[in-house]
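Peer 1: Below you'll find the structure I mean.
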């Protein structure tokens with residue numbers, strides 16, 4: 036009897052050890068340990084653009100309210116201005132932000148167009164709004180909207196084709212493009228066409244711009260029905276929309292370096308931080324981490340926080356050495372959670 040009992044106990048112990056081992060193996064194949072994100076701002080209304088001032092505080096653009104708020108410390112958020120002329124509809128509204136010192140640039144949808152305006156941050160408020168780039172096609176979908184300064188000091192502007200596919204191939208249109216301008220809105224003489232702000236074309240809807248340590252520009256782009264894209268941007272290049280979606284190996288068109296199924300991505304904002312590209316995904320509800328080699332080669336895209344926070348819109352590298360990302364659950368396509376929308380901070 037005792038021998039039979041001992042054999043049973045040994046069998047149970049072996050089974051438990053196997054279960055534990057399998058559980059550890061499953062954990063090791065899951066998300067890497069990158070630290071737990073913490074809320075630093077909550078109850079925002081579709082935060083879209085995030086940009087930093089010289090004092091380290093952040094400005095946040097709310098898409099539908101047209102408000103710009105300042106985050107001075109975790110949980111301390113105050114409105115410092117409202118951008119005039121915003122006509123929020125569908126995916127349009129107050130979108131990207133960029134800063135150069137205390138000069139603030141914003142991309143917005145008006146009743147007539149999408150445009151870039153310039154303001155000053157003085158005395159704790161935004162003043163002196165003036166347009167520097169107008170005439171970008173606007174609509175209720177595919178408005179692009181990300182703006183960012185490159186290492187060359189030029190302002191790059193990502194636009195969409197607003198559902199009119201042929202605009203992406205029309206070199207006279209500002210829709211479906213990456214545009215490159217000087218901070219005053221003039222056209223740099225070293226653009227592919229010195230009379231045009233167009234830097235690259237054939238894009239459907241870009242919302243992510245990031246430069247790696249080698250100065251290479253990467254852009255995340257929404258596909259239509261099959262795949263979303265991460266593209267390495269070259270001046271004057273044609274990225275194929277609407278003739279192709281994803282990799283096509285077609286002469287004269289540039290294929291994406293990475294493509295995802297549309298269910299796992301719908302990529303929005305992107306950033307470069309700690310030797311990797313980071314991409315926020317809306318429909319995929321995740322943050323991608325993509326290692327970048329010194330030669331520009333990319334490692335595998337690792338998904339983080341899948342489904343944990345809902346739709347993710349923007350990711351930025353903060354001056355304090357942390358990474359921030361925002362949710363977009365109040366944009367009409369997400370499930371609103373307590374505290375949404377929020378900005379989270381973590382240290383990879």
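Numbering (our numbering), first residue to last: 36 to 383. Just so you know, even glycine gets a beta-carbon here, dropped at the ideal spot from N, CA and C. None of these values were measured; they are calculated from a predicted model.
Which residues in the same chain have their Cβ closer than 6 Å to the Cβ of residue 272, if we skip the five residues on either side of it in sequence?
Peer 2: Hits under 6 Å: 235 and 289.
Peer 1: So, using beta-carbon positions, are residue 152 and residue 164 closer together than 8 Å?
Peer 2: It is a contact, given that the beta carbons lie within the stated cut-off.
Peer 1: So what's residue 201 in DSSP terms, helix, strand or just coil?
Peer 2: Three-state DSSP puts residue 201 in a helix.
Peer 1: Just mark residue 349 as buried or exposed, buried being the case when its beta carbon has 16 or more other beta carbons within 10 Å.
Peer 2: Looking at its Cβ environment, which holds 16 or more other Cβ atoms inside 10 Å, residue 349 is buried.
Peer 1: Where does residue 299 sit, in a helix, a strand or coil, going by DSSP?
Peer 2: Correct three-state label for residue 299: coil.
Peer 1: Distance check for residue 293 and residue 367, CA to CA, integer angstroms please.
Peer 2: The straight-line gap from Cα to Cα measures roughly 28 Å.
Peer 1: With 16 as the cutoff for other CB atoms within 10 Å, does residue 343 come out buried or exposed?
Peer 2: Classification for residue 343: exposed.
Peer 1: Per the contact definition of three or more C-beta pairs closer than 8 Å, is the region 296-309 in contact with the region 240-248?
Peer 2: Output reads yes: the region 296-309 touches the region 240-248.
Peer 1: Using 8 Å as the threshold, is the C-beta distance between residue 143 and residue 132 below it?
Peer 2: Contact flag unset, no.
Peer 1: Tell me the rounded alpha-carbon separation between residue 45 and residue 357.
Peer 2: The predicted model places residue 45 with a pLDDT of 37, which falls under 50 and marks its position as unreliable, so this point remains unresolved.
Peer 1: Here's a check: name, in chain order, each residue in its chain whose Cβ is nearer than 6 Å to the Cβ of residue 64, leaving out the five neighbours to either side.
Peer 2: Annotation note: pLDDT 33 at residue 64 (below 50); position unreliable, coordinate value reported separately. For residue 64, where only same-chain residues beyond five positions count, there are no Cβ hits under 6 Å.
Peer 1: With a threshold of 8 Å on Cβ separation, who are the neighbours of residue 287 within its own chain once the five nearest residues in sequence on each side are excluded?
Peer 2: Around residue 287: 273.
Peer 1: If contacts are defined as beta-carbon pairs under 8 Å, then residue 227 and residue 186 qualify, I think. What distance do you get, rounded to the angstrom?
Peer 2: That pair is no contact at about 18 Å.
Peer 1: Enumerate, from N- to C-terminal direction, the unbroken alpha helix (DSSP H) stretches of 4 or more residues contained entirely within the region 143-230.
Peer 2: The region 143-230 contains no whole alpha helix (DSSP H) run of 4 or more residues.
Peer 1: Work out the CA separation of residue 361 and residue 381 for me, nearest whole Å.
Peer 2: Residue 381 and residue 361: Cα-Cα distance of roughly 12 Å.
Peer 1: Would you list the residues sitting across from residue 105 in a DSSP beta bridge?
Peer 2: According to DSSP, which records beta bridges pairwise, residue 105 is partnered with 94 and 113.
Peer 1: Whole angstroms are fine: how far does the CA of residue 210 sit from the CA of residue 260?
Peer 2: Each residue's alpha carbon lies about 20 Å from the other.
Peer 1: Taking the Cβ atom as the reference point for each residue, do residue 88 and residue 134 lie within a distance shorter than 8 Å?
Peer 2: Result yes, Cβ atoms of residue 88 and residue 134 sit closer than 8 Å.
Peer 1: Could you check the C-alpha separation between residue 196 and residue 212 for me, to the nearest Å?
Peer 2: Distance between the alpha carbons of residue 196 and residue 212 is about 8 Å.
Peer 1: Please report the residue range of the beta strand (DSSP E) in which residue 314 lies.
Peer 2: Start and end: 311-316.
Peer 1: DSSP state of residue 304, grouped into three classes?
Peer 2: The answer is strand: DSSP assigns residue 304 an E or B state.
Peer 1: Is it a yes or a no for the region 155-163 touching the region 175-183, going by three-plus beta-carbon pairs under 8 Å?
Peer 2: Cβ pair count under 8 Å is below three, so no.
Peer 1: Considering only their Cβ atoms, is the gap separating residue 237 from residue 275 smaller than 8 Å?
Peer 2: The answer is yes: Cβ separation under 8 Å.
Peer 1: If we ignore side chains and look at the alpha-carbon of each, how far apart do residue 224 and residue 191 end up?
Peer 2: Their backbone Cα atoms lie some 15 Å apart in a straight line.
Peer 1: Could you give the DSSP three-state label for residue 333: helix, strand or coil?
Peer 2: Residue 333 falls in the strand class under three-state DSSP.
Peer 1: According to DSSP, is residue 63 helix, strand or coil?
Peer 2: With a pLDDT of 27 at residue 63, under the threshold of 50, the predicted position of this residue should be treated as unreliable, though the coordinate-derived value follows. Helix, per DSSP.
Peer 1: So, with DSSP's three-state summary, where would you put residue 268?
Peer 2: Residue 268 falls in the coil class under three-state DSSP.
Peer 1: If you reduce the DSSP assignment to three classes, tell me which class residue 323 lands in.
Peer 2: Here residue 323 sits in strand by DSSP.
Peer 1: Return the first residue and the last residue of the beta strand (DSSP E) that residue 276 is part of.
Peer 2: Segment: none, residue 276 is in no beta strand (DSSP E) and carries neither H nor E.
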